[in-house]
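**Q** Please read through the structure below; I'll follow up with questions.
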Amino acid sequence: METENHIDIFISHRNLDKTFVDALSVFLTTIGIPANSIFCSSLPGNDVKCEISKEIKHAIKTSKVNIVVLSDAYYKSPYCQQEAGAIWFCETKKIVLALPEIDADLMEGFLDNENMIRRLDCKNDILTIVDILKEASITINAQVTQIDYRADQLIVDYNRALSDRKTTIMSGTSNAENELEKEILSNSLSDDELLVLSYFYQSQRNKIEASKLDIVSWLNSASIKNVDIVNGITLLLEDNKINAINDEYGNLISYSLNIKFYRLLRRLSESAVQVLVTCMNNHASEDNKGSKNEIDNLIENGFSKEERLMIQYIIDLDRDSLFAGWQSEKEENMIRSWEDINGLNHVLSSKYNDILNKLLIRKFIEVKAITSFNNPKEYSLNAYFRQGIKTINSNSKRIIKETLDDCKDIFDSFFS
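Position 100 of the sequence shown, counted from 1, bears residue number 111 in our numbering, the numbering being contiguous throughout.
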């Protein structure tokens, strides 16, 4: 018989993200896991008060599974980082959950991108979490149909919590808390600095090779001239916005955008992004001003393979909107059918929600329909994105075809 203070699951999170943890805890208890075997400092009955360090150490040490909920707020908390370090040190199974603002490129510290991210708006991820709990010998007292139903409810609760959080990701107004945005809007940065930041923003990368060939290639593809990249990098280095990465012998490997500023860059408002775009246009050659298709630039130098696959999927099925939230499964099923028809592996369907988040961050999609709780259930492609997709050039089409070939299912290819 288990003792009263036995902990099966420890949940590490920031108190600001309590609503998400509440939703997860409700899911866990409704599939049969006792509430008193789940430790979370924000839950009733776990008022750790002055004994927090001692009790949390005990909970982490004795738990069967440790769950971490990553967010901007989590990374800003030194105490949360201590918890993350303790969890990393333990050999206990761990599950890393992330809110929309965190992806693999934004993970740092003890729980970096070597850990797979799970999302609470992805049913496959939720069911995988259940499997991990079972593997850790945590008893699940619920039938498959009950788990399936409760997973759908968790997605609804999670999306409602997102709506209530008042995120600034889609805000078109200036974000007063974003110090990088303040510098951009106050004209405190030189054009050289703005163009380096534009590279990071457009490519969604956070590193520049020591040779600078990657950023030079991007500048050339966008026909951007009269820019001193070395000066831009030097100024950002002096301001601690980027860091020089050296090997063990002191040789320069790359330049890395400070994770703090990468996050701030990813959350720029429309007005700040427009400053970056204007700077790019001002430095574009006369023959290419206003005529270069940004989607071509991104296909050539910015999009991941999954994003390029998404472009072809949208073209083939003539999609002008994409399902989200609890309806994501519909879109994933359509993508999976498209992948099967084209003999592709399931890389796009398995990462659909991550790609949807990237399109949202790039401001290529906008809310089309919401649920009764004001949660997005469908996004429409904005006019700029639709037009860009329709007018991609022959080189972009070639790159997408090569991506399709690279993603051919090995089993299907063997028997074709």
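Glycine included, each C-beta is placed from N, C-alpha and C at the ideal position. These numbers were taken from a predicted model, which means no experiment stands behind them.
How would you call I310, buried or exposed, if buried means at least 16 neighbouring beta carbons within 10 angstroms?
**A** Answer is buried; the Cβ neighbour count reaches 16.
**Q** Check whether the segment 164-172 touches the segment 238-249, taking contact to mean three or more Cβ pairs, one atom from each stretch, closer than 8 Å.
**A** The answer is no - the segment 238-249 does not touch the segment 164-172, with fewer than three Cβ pairs under 8 Å.
**Q** I44 by DSSP, collapsed to three states: which one?
**A** I44: coil per DSSP, three-state reduction.
**Q** Going by DSSP, what residue range makes up the beta strand (DSSP E) through Y266?
**A** Start and end: L263 to L268.
**Q** Quick check on N406: does DSSP put it in helix, strand or coil?
**A** Note: N406 maps to helix in three-state DSSP.
**Q** With C-beta atoms as the reference, is G243 less than 8 Å away from E204?
**A** Result yes, Cβ atoms of G243 and E204 sit closer than 8 Å.
**Q** Helix, strand or coil for R171? Go by DSSP, reduced to three states.
**A** If DSSP states are grouped into helix, strand and coil, R171 belongs with the helices.
**Q** What residues in its chain sit with their C-beta under 6 Å from that of M181, if we drop five residues either side in the sequence?
**A** Because the pLDDT at M181 is just 44, under 50, the model does not fix this residue reliably, and the point stays unresolved.
**Q** Could you pull out every residue in the same chain whose Cβ sits closer than 7 Å to the Cβ of E343, ignoring the five residues on either side in sequence?
**A** Contacts found: S360 and Y363.
**Q** What's the C-alpha gap between D28 and S36?
**A** C-alpha separation (whole angstroms): 13 Å.
**Q** Can you give the Cα-Cα distance for A283 and F272, rounded to whole angstroms?
**A** Roughly 14 Å between the two C-alpha positions.
**Q** Which of the three DSSP states is assigned to K223 in this structure?
**A** If DSSP states are grouped into helix, strand and coil, K223 belongs with coil.
**Q** By a C-beta neighbour count over all protein chains shown, 10 Å radius and 16 as the cutoff for buried, is G96 buried or exposed?
**A** With fewer than 16 other Cβ atoms within 10 Å, it is exposed.
**Q** Use the C-beta contact count for Q215: other C-beta atoms within 10 angstroms, 16 or more gives buried, fewer gives exposed.
**A** Classification of Q215: buried, given that the 10 Å Cβ count is 16 or more.
**Q** Under three-state DSSP, which class holds P89?
**A** Note: P89 maps to helix in three-state DSSP.
**Q** Leaving out five residues on either side along the sequence, give the residues of the same chain with a beta carbon under 6 Å from the beta carbon of T402.
**A** Once the five neighbours on either side are set aside, the close Cβ partners of T402 are N304.
**Q** On the three-state DSSP scale, how would you describe R130?
**A** Correct three-state label for R130: coil.
**Q** Just the Cα atoms here: how many angstroms apart are H357 and K419?
**A** Those two C-alpha atoms are separated by around 9 Å.
**Q** Tell me which same chain residues have a C-beta within less than 7 Å of the C-beta of E340, skipping the five on either side of it?
**A** The residues are K134.
**Q** Do you know offhand how far A70's Cα is from K87's?
**A** If I take the Cα positions, the gap works out to 23 Å.
**Q** Just checking my contact of A233 with M291 at CB under 8 Å: how many whole Å lie between their CB atoms?
**A** Right, their Cβ atoms sit about 6 Å apart.
**Q** Please return the same chain residues whose Cβ sits closer than 6 Å to the Cβ of T30, not counting the five positions on each side in sequence.
**A** Cβ within range, chain order: A172.
**Q** Looking only at C-alpha atoms, which of I253, N257, L275 and R277 sits nearest to S267?
**A** When only C-alpha atoms are compared, the closest one is I253.
**Q** Compute the Euclidean distance between the alpha carbons of I326 and R274, then round it to the nearest angstrom.
**A** In a straight line, the C-alpha of I326 is about 31 Å away from that of R274.
**Q** Among V241, D351, S265 and R373, which residue has its Cα nearest to the Cα of N217?
**A** When each option's Cα is compared against that of N217, the closest is S265.
**Q** Give the single residue among D114, L108, I18 and I44 whose Cα lies nearest to the Cα of S368.
**A** A quick correction: the sequence has Asn, not Ser, at residue 368. Looking at the Cα atoms, D114 is the closest of the given residues.
**Q** Measuring only the C-alpha atoms, how far is N154 from P45?
**A** Note on identity: in this sequence residue 154 is Gln, with Asn being the wrong assignment. Their backbone Cα atoms lie some 16 Å apart in a straight line.
**Q** R397 and D331 - do their beta-carbons sit closer together than 8 Å?
**A** In this structure, R397 lies closer than 8 Å to D331 by Cβ.
**Q** Look up I366 in the DSSP assignment and say whether it is helix, strand or coil.
**A** In this structure, I366 counts as helix in the three-state DSSP scheme.
**Q** Tell me whether the beta-carbon of D279 lies closer than 8 Å to the beta-carbon of N393.
**A** First, the amino acid is wrong: residue 279 is Leu here, not Asp. Not in contact: L279 and N393 (Cβ atoms no closer than 8 Å).
**Q** Distance check for E389 and K412, CA to CA, integer angstroms please.
**A** If you take the alpha carbons of K412 and E389, they lie about 28 Å apart.
**Q** If you follow the alpha helix (DSSP H) that I322 is part of, which residue opens it and which one closes it?
**A** Its alpha helix (DSSP H) spans residues K316 to L328.
**Q** E259: buried (16+ other C-beta within 10 angstroms of its C-beta) or exposed?
**A** It counts as exposed.
**Q** Can you tell me whether T178 is helix, strand or coil according to DSSP?
**A** Low confidence applies here, because T178 scores a pLDDT of 45, under 50, leaving its location unreliable; read the following figure in that light. Note: T178 maps to coil in three-state DSSP.
**Q** Pull up the DSSP beta-bridge partners for S332, would you.
**A** Beta-bridge pairing links S332 to S391.
**Q** Compute the Euclidean distance between the alpha carbons of Q213 and T73, then round it to the nearest angstrom.
**A** Q213 and T73: Cα-Cα distance of roughly 45 Å.
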